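In my numbering, the protein residues as written are 37 to 148.
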């Protein structure tokens, strides 16, 4: 009887861990989609930097800062359990690099 109870607790614990990992995956996928949309808005707002001849590194850092400051606080509290600011900055950096690569020659081929 004690063994059956331990097995039941183990199965419930494994099911809970699986659900949490699935939730984490879904939240991060949702966040990636929202980051891409927000990056378009941020890039439009940062077009004045191009006129001021700011370096692309300054522009990129300003874009990252703006997205983190605007997007992260809007996430629900339960989503922030699975998404750190560092992860968010990393995803922004990846998407920004892909965007620049695509704008370079119309293909994603690491030619930036």
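Positions of the beta carbon are idealized from the N, C-alpha and C atoms, including for glycine. Fair warning: this is a prediction, and the values are worked out from it, not measured in the lab.
Span separating the alpha-carbon of residue 71 from that of residue 39 = Near 48 Å, if we compare the C-alpha coordinates of residue 39 and residue 71.
Of the residues 53, 64, 50, which one's Cα is nearest the Cα of residue 118?
-> When C-alpha distances from residue 118 are compared across 53, 64, 50, the shortest belongs to 64.
Decide yes or no for the touch test of the segment 94-102 against the segment 44-58: beta carbon pairs closer than 8 Å, at least 3 of them.
-> Touching, no.
Below 8 Å between beta carbons: does that hold for residue 107 and residue 74?
-> Yes, Cβ-Cβ distance for residue 107 and residue 74 is below 8 Å.
Indicate whether residue 131 and residue 104 have their beta-carbon atoms separated by less than 8 Å.
-> Contact annotation: residue 131 and residue 104 have beta-carbon atoms that are not nearer than 8 Å.
As assigned by DSSP and simplified to three states, the class of residue 130 = When DSSP states are grouped into helix, strand and coil, residue 130 belongs to the helix group.
Specify the secondary structure class of residue 111 as computed by DSSP and reduced to three states.
-> Three-state DSSP puts residue 111 in coil, outside helix and strand.
Inter-residue Cα distance where the pair is residue 59 and residue 120 | Looking at the two C-alpha atoms, the distance is approximately 15 Å.
Kindly indicate which residue of 111, 114, 96 has the alpha-carbon position closest to the one of residue 134.
-> Among 111, 114, 96, the Cα nearest to that of residue 134 is on 96.
Pick helix, strand or coil for residue 119, following the three-state DSSP scheme.
-> Residue 119 falls in the coil class under three-state DSSP.
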